[in-house]
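Student: Here's a structure for you.
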Amino acid sequence: MKSYLATSEDTEQFGAKLWQVLPPKALVFLQGDLGAGKTTLVRGFLRAGGFSGAIKSPTYTLVEEYSIGTQKIFHFDLYRLSEPEELEWIGINDYFDQNSLCFIEWPTKGAGFLPMPDYEISLMNHGSGRQIIMQTLKNL
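Residues 808 to 947 (my numbering) make up the sequence shown, in order.
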């Protein structure tokens with residue numbers, strides 16, 4: 808699926824639509840340059856699920872955890888990862904073993920330590936907005 812998102816609000820709305828279609832357990836890779844809208848998309852997803860607290864980029868914390876009812880959502884940002892091995896030290900597989908949805912920004916920084924994602928979403932600046940491409944990578 809390929810779409811054009813003219814504004815940040817459009818990006819949040821795309822994230823909101825994901826709340827309706829993503830399964831409760833999945834791994835989603837988010838690709839895109841700095842400022843492409845990856846965290847904005849996750850914010851839209853969480854708001855659509857009813858989360859009303861602060862939603863921030865996990866750039867400095869590496870992971871932010873959210874709960875909506877019984878649904879657990881983990882939002883990772885691997886941008887500041889020095890080496891992929893660091894994922895072992897934080898127990899990355901423990902997150903994947905849970906019944907949770909995991910969004911991972913900058914997944915290439917974790918190459919060799921991340922499983923194949925269920926979905927990949929790429930956001931690219933395009934004119935004054937952004938182009939978004941979503942692919943299903945596993946048979947769900």
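Beta carbons are placed, not taken as given, at the ideal position from N, Cα and C, and that holds for glycine.
Predicted model, so just to flag it, every value in this text is computed and none were measured.
Might you give, ordered along the chain, the residues of its own chain that have their beta carbon closer than 6 angstroms to the beta carbon of I862, omitting 5 neighbours on each side?
Tutor: Hits under 6 angstroms: R850, L853.
Student: Excluding five sequence neighbours on each side, which residues of the same chain lie with their C-beta closer than 6 angstroms to the C-beta of F836?
Tutor: Around F836: I911, P914, P924, E927.
Student: Can you tell me whether D901 is buried or exposed? The criterion is at least 16 other CB atoms within 10 Å of its CB, across all chains shown.
Tutor: D901 should be labelled exposed.
Student: Rounded to the nearest angstrom, what separates L829 and S889 at their Cα positions?
Tutor: Rounded to the nearest angstrom, the two C-alpha atoms are 30 angstroms apart.
Student: Use the C-beta contact count for D904: other C-beta atoms within 10 angstroms, 16 or more gives buried, fewer gives exposed.
Tutor: D904 should be labelled exposed.
Student: Cutting at 8 angstroms between CB atoms, please list the residues of its own chain near I875, excluding the five before and the five after it.
Tutor: Hits under 8 angstroms: L853, G856, G857, F858.
Student: If L917 and L944 are in contact, beta carbons under 8 angstroms, what's the gap, nearest whole angstrom?
Tutor: Reading the sequence as shown, one finds Gly at residue 917 and not Leu. At roughly 16 angstroms, the Cβ-Cβ gap does not stay under 8 angstroms, so G917 and L944 are not in contact.
Student: Residues in its own chain within less than 6 angstroms of S810 by CB, not counting five upstream and five downstream?
Tutor: So the list reads I939, once near-sequence residues are dropped.
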